[in-house]
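Engineer: Sequential numbering of the sequence shown, starting at 0, is according to this note's numbering.
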Amino acid sequence: FFFQLAAAEKHLRCNFAMRRRALGPGGVRRHAAAAPLFAPLALACLVGLAAGAVRAFAGFDASELRTTRHVAGSAGRRGLAATARAATLKPGDTVMVHGKGGPTEYIVSRMLQQLGYVARPFCPKQALEVYAEVGINGYVFGGEEPFPPAVGLILVDEDALQVDTATALVRKLGAAGSLSRVVVLNNGVKKFGLASLFGSTDTDREQAQADIQKAVEGAGAEWTVVQTGDLRGGGARTYLPSSLPVSFYQSFTDQVGGIDEEVYDLSYRGIEVGAIEGGFAKSPNTNRGAAAMALTISLSLDQAAGIVMGVTSSKSGDPFDPEFDWAGAFGSSR
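Structural data, given as C-alpha cells:
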C-alpha cells in the first residue's frame with residue numbers, strides 16, 4: 000500500500016458540489032451543514048481487488064460525534080465517552096492498531112484518540128505525516144523507535160485474519176508484561192458458503208480466529224472478536240469525527256461506486272448485533288464506522304472479554320446515537 004497526495008481543498012469542494020447534485024436534495028444536502036471540511040489535502044487511494052476497499056486516506060473531522068441506535072436493549076444505555084472510562088482499559092493507555100494501512104485502521108485509530116487512548120497504528124513511513132496531521136503518532140516497523148509497550152491491541156486487517164502476524168504481535172506485547180486486551184476484526188463472515196468467491200472459506204476463518212484466541216490466552220491477556228459482514232462506507236457522510244474524508248468517495252476508479260458508498264453512509268446507520276446471517280457467496284454489510292465503534296469500546300468493557308459478537312448495519316437515515324448500549328450488546332452475546 001502507498002500514500003500519494005492528491006487534490007487541494009478547492010478540488011474537494013468542487014467534487015463535493017458535484018456529488019450533491021448527483022444525490023439530489025434528499026441526500027447530502029440535508030446534512031451539508033453538519034460536516035465542515037478541515038483537511039486541506041486529500042489522498043489518492045488503492046482500490047482492493049475483491050471489495051474495492053480503499054487503502055489510503057487523509058484526516059477528516061466533524062463537529063459532532065453521532066452513533067447508531069439499536070432496536071434492542073434500552074436499559075442501562077451508556078454514552079461512547081462514558082463507556083471508555085468504565086472497565087479494563089482507561090484513557091491514557093496505549094493501544095496498538097494493526098491493519099496494513101486500511102480504511103478501518105484509520106477510523107479505529109481516530110476513534111481511540113477521541114476516547115482518550117494513545118493510539119499507535121502500525122504504518123509505512125509514507126503514512127506518518129497523514130496520522131501526524133490529526134495528532135496520532137504512527138509506528139514504523141524497523142524504525143529507530145523501540146517497540147512500544149501497549150495495554151491493548153486491535154487487529155483490523157480487512158483482507159483476512161493474518162494468524163502469523165497476529166500471534167507474533169501478541170507474543171511481543173505479551174512479553175513486555177503490559178498487554179491486557181486484544182480485539183480482533185473478523186470481517187466478511189456469513190452463515191453459509193464461501194467468504195468470497197476468491198477468498199477463504201468460513202471454516203478457515205473460524206480456525207484462524209481460534210488460533211489467534213489461543214495465542215492471546217497464552218500471553219495472559221483477554222480477547223474479544225468482532226465479526227462483521229463485508230465492510231463498506233465509513234466516509235464523511237457518517238458524520239463521525241473519526242470518519243474517512245470526502246476524498247474517500249472520490250477514490251474509486253468507478254465514479255458510480257463512489258456515489259454508491261456515499262449513499263450507503265447516508266442510509267445505513269442502524270446497528271444490529273448477533274449471529275451473521277448470509278447465504279452462499281453472499282454476505283451482509285457492515286459500516287466501517289459501526290465496526291470501529293464495537294472494536295474500540297470493547298476495550299473498556301468487562302462484558303466483552305472472551306466474547307465473539309457479530310455486528311451488521313441496517314437501513315436507517317437517523318443520526319448515529321452516542322448512547323448505544325454496547326455493554327448490554329456484548330453481555331447478551333455470552
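For glycine and all other residues, C-beta sits at the position ideal for the given N, C-alpha and C. All figures in this text were calculated on a predicted structure; none of them were measured in a lab.
Measuring alpha carbon to alpha carbon, tell me which residue in T227, L243, E157, P321 is nearest E271.
Structural biologist: For the purposes of this step, residue 271 is identified with residue 272 of the sequence shown, where counting begins at 1. Of the listed residues, the one whose Cα sits closest to E271 is T227.
Engineer: Using a Cβ-Cβ cutoff of less than 6 Å, which residues in the same chain neighbour T311 once the five nearest sequence positions on both sides are dropped?
Structural biologist: Counting from one through the sequence shown, the residue named residue 311 turns up at place 312. Excluding residues within five positions, the ones whose Cβ falls inside 6 Å are G228, E271, P283, T285.
Engineer: According to the Cβ coordinates, are L152 and V169 closer than 8 Å?
Structural biologist: Here residue 152 refers to the residue found at position 153 of the sequence shown. Here residue 169 refers to the residue found at position 170 of the sequence shown. Yes, the pair counts as a contact, with Cβ atoms nearer than the cut-off.
Engineer: Is it buried or exposed for V27, if we count other Cβ within 10 angstroms and need 16 for buried?
Structural biologist: By one-based count along the sequence shown, residue 27 stands at place 28. Bear in mind that the predicted position of V27 carries a pLDDT of just 35, short of 50, making it unreliable; the figure below should be weighed with that in mind. It is buried - the Cβ of V27 has at least 16 other Cβ atoms within 10 Å.
Engineer: How is L157 classed by DSSP in three states: helix, strand or coil?
Structural biologist: Translated into the one-based positions of the sequence shown, residue 157 becomes position 158. Looking at the sequence itself, residue 157 is Glu, so the reference to Leu does not match. In this structure, E157 counts as coil in the three-state DSSP scheme.
Engineer: For R268, name the three-state secondary structure that DSSP assigns.
Structural biologist: Working through the sequence shown from its first residue, we reach residue 268 at position 269. R268: coil per DSSP, three-state reduction.
Engineer: Taking the C-alpha atoms as reference points, what is the distance between L22 and V262?
Structural biologist: Within the sequence shown, numbered from 1, the residue matching residue 22 stands at position 23. Within the sequence shown, numbered from 1, the residue matching residue 262 stands at position 263. Note that L22 has pLDDT 40, beneath the 50 cutoff, so the model's placement of it is unreliable and the number below is only indicative. Spanning the two alpha carbons is a distance of roughly 8 Å.
Engineer: If you scan the region 230-312 from start to end, which runs of the beta strand (DSSP E) of 3 or more residues do you find wholly inside it?
Structural biologist: Qualifying beta strand (DSSP E) stretches, in chain order: 269-272, 284-286.
Engineer: Inspect the beta-carbon positions of I106 and G288 and report whether they are closer than 8 Å.
Structural biologist: As a first step, residue 106 is located in the sequence shown; it is residue number 107 there, counting from the start. As a first step, residue 288 is located in the sequence shown; it is residue number 289 there, counting from the start. Taking 8 Å as the Cβ cut-off, I106 and G288 qualify as a contacting pair.
Engineer: In the DSSP assignment, find the beta strand (DSSP E) that holds E322 and state where it starts and stops.
Structural biologist: Locating residue 322 in the sequence shown gives position 323, counting from the first residue. Element bounds for E322: n/a, residue is neither H nor E.
Engineer: Taking the alpha-carbon of L243 as reference, which of Q212, A235, V117 has the nearest alpha-carbon?
Structural biologist: The residue you call residue 243 lines up with position 244 of the sequence shown. L243 has its Cα closest to that of A235, out of Q212, A235, V117.
Engineer: Roughly how many angstroms separate the alpha carbons of V245 and A291, rounded to a whole number?
Structural biologist: Translated into positions along the sequence shown, residue 245 becomes position 246. Translated into positions along the sequence shown, residue 291 becomes position 292. Each residue's Cα considered, the two are about 18 Å apart.
Engineer: Determine which residues share a DSSP beta bridge with L152 and list them.
Structural biologist: Here the question's residue 152 lines up with position 153 in the sequence shown. In DSSP, L152 forms a bridge with M95, V181.
Engineer: Where DSSP assigns a beta bridge to T223, which residues make up the other side?
Structural biologist: As a working note, residue 223 is residue 224 in the sequence shown. Answer by DSSP bridge pairing, in chain order: V182, I306.
Engineer: Helix, strand or coil, according to DSSP, for F121 in the structure here?
Structural biologist: Numbered from 1 along the sequence shown, position 122 holds the residue referred to as residue 121. Of the three classes helix, strand and coil, the one that applies to F121 here is strand, per DSSP.
Engineer: Closest to N136 by C-alpha separation, out of V150, P318, V94, would be which residue?
Structural biologist: For this step, residue 136 is matched to residue 137 along the sequence shown. Ranking V150, P318, V94 by Cα distance to N136 puts V94 first.
Engineer: Between the beta-carbon of G273 and the beta-carbon of G309, is there less than 8 Å?
Structural biologist: Taking the first residue of the sequence shown as position 1, residue 273 is located at position 274. Taking the first residue of the sequence shown as position 1, residue 309 is located at position 310. Yes, Cβ-Cβ distance for G273 and G309 is below 8 Å.
Engineer: Going by DSSP in three states, Y116 sits in which element: helix, strand or coil?
Structural biologist: What you label residue 116 is simply residue 117 of the sequence shown in a count that begins at 1. Looking at Y116 - three-state DSSP - the assignment turns out to be coil, as it is neither helix nor strand.
Engineer: Decide if the region 206-224 is in contact with the region 246-255; the criterion is three or more beta carbon pairs, one per stretch, under 8 Å apart.
Structural biologist: Counting Cβ pairs under 8 Å, fewer than three are found: no touch.
Engineer: For Y138, list the residues DSSP reports as bridge partners.
Structural biologist: If you number the sequence shown from 1, residue 138 lands on position 139. Y138 pairs with F121.
Engineer: By the three-class DSSP mapping on this structure, what secondary structure does S108 have?
Structural biologist: By 1-based counting over the sequence shown, the position of residue 108 is 109. Here S108 sits in helix by DSSP.
Engineer: Three or more beta-carbon pairs under 8 Å between the region 315-331 and the region 134-148, yes or no?
Structural biologist: These segments do not touch.
Engineer: State the DSSP-derived secondary structure class of G51, mapped to helix, strand or coil.
Structural biologist: In the sequence shown, residue 51 corresponds to position 52, counting from 1. With a pLDDT of 37 at G51, under the threshold of 50, the predicted position of this residue should be treated as unreliable, though the coordinate-derived value follows. Three-state result, G51: coil.
Engineer: From Y267 to V224, what distance separates their C-alpha atoms?
Structural biologist: Along the sequence shown, one-based indexing puts residue 267 at 268. Along the sequence shown, one-based indexing puts residue 224 at 225. Straight-line Cα distance between these residues: approximately 22 Å.
Engineer: Comparing alpha-carbon positions, which option in Q212, V181, A293, T237 lies nearest S315?
Structural biologist: On the sequence shown, residue 315 is found 316 positions in, with the first residue counted as 1. Nearest option by C-alpha distance: T237.
Engineer: Below 8 Å on the Cβ atoms is my contact criterion, and I expect I211 with A165 to pass it. Report the Cβ-Cβ distance as a whole number of Å.
Structural biologist: Numbered from its first residue, the sequence shown carries residue 211 at position 212. Numbered from its first residue, the sequence shown carries residue 165 at position 166. About 5 Å; that satisfies the 8 Å criterion.
Engineer: Go ahead and label D317 buried or exposed: buried means 16 or more other beta carbons lie within 10 angstroms of its beta carbon, across all protein chains shown.
Structural biologist: The sequence position of residue 317 within the sequence shown is 318, counting from 1. D317 should be labelled exposed.
Engineer: Taking the alpha-carbon positions, what's the Q161 to A207 distance?
Structural biologist: To locate residue 161, count along the sequence shown from 1; it is residue 162. To locate residue 207, count along the sequence shown from 1; it is residue 208. Taking the straight line from one Cα to the other gives about 8 Å.
Engineer: Please name the residue in A149, C122, V133, P123 whose C-alpha comes closest to that of Q113.
Structural biologist: By 1-based counting over the sequence shown, the position of residue 113 is 114. Here the closest residue by C-alpha is V133.
Engineer: How long is the line joining the alpha carbons of K171 and Q254, rounded to whole angstroms?
Structural biologist: On the sequence shown, residue 171 is found 172 positions in, with the first residue counted as 1. On the sequence shown, residue 254 is found 255 positions in, with the first residue counted as 1. The alpha-carbon atoms of K171 and Q254 are separated by roughly 43 Å.
Engineer: Go ahead and label A131 buried or exposed: buried means 16 or more other beta carbons lie within 10 angstroms of its beta carbon, across all protein chains shown.
Structural biologist: Locating residue 131 in the sequence shown gives position 132, where the first residue counts as 1. It is exposed - the Cβ of A131 has fewer than 16 other Cβ atoms within 10 Å.
Engineer: Do V182 and S297 have their CB atoms nearer than 8 Å?
Structural biologist: Here residue 182 corresponds to residue number 183 of the sequence shown, with the count starting at 1. Here residue 297 corresponds to residue number 298 of the sequence shown, with the count starting at 1. In this structure, S297 lies closer than 8 Å to V182 by Cβ.
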